[in-house]
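For reference, the structure discussed in these notes is given below.
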Amino acid sequence: MKLPGGESVQIDPRKLVDYALSPTHPVGKHKARLFASRLGLTQADAPALEAALRIAAASQDATLIKSDAWGQRWQIDFMFQFGALSAMITSGWIVPADGSAVRLTSVFIARDPG
66 MKLPGGESVQ IDPRKLVDYA LSPTHPVGKH KARLFASRLG LTQADAPALE
116 AALRIAAASQ DATLIKSDAW GQRWQIDFMF QFGALSAMIT SGWIVPADGS
166 AVRLTSVFIA RDPG
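Taking the working numbering, the leading residue of the sequence shown gets 66, the next gets one more, and so forth.
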């Protein structure tokens, strides 16, 4: 199943630059370290990650994780290639119950199976 509204998602650039790819964010630095070591991604590469997230939201299969009064939480896993490196990325999305735009809530490198 595809992400409802996946063709027109909102991705706050700060979620990527100031959190997921930030080596100094108190929580995000752990994600940033993985993005850097597995893919060579830094804060300067946020546009490439954002573009991949937009493509995944519009085209990849999504899994409904949870539904509550605030909306539906969806997950999309997709393979991301950056240069010669690649890794499975997990992205979280909310489809708000109030009908507002679908938003990125989380992004990280998926755990290796096993």
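All C-beta atoms in this analysis are idealised placements derived from N, C-alpha and C, irrespective of residue type, glycine included.
All figures in this text were calculated on a predicted structure; none of them were measured in a lab.
- Residue ranges of uninterrupted beta strand (DSSP E) with 3 or more members, entirely inside the segment 123-169 and ordered along the chain, are 128-133, 136-147 and 150-161.
- In the three-state reduction of the DSSP assignment, I76 falls in the coil class.
- Beta-bridge analysis with DSSP links K67 to D126.
- Contact annotation: the segment 127-143 does not touch the segment 89-109, with fewer than three C-beta pairs closer than 8 angstroms.
- Taking G148 as the centre and dropping the five residues before and after it, the same chain places the C-beta of G105 closer than 7 angstroms to its C-beta, in chain order.
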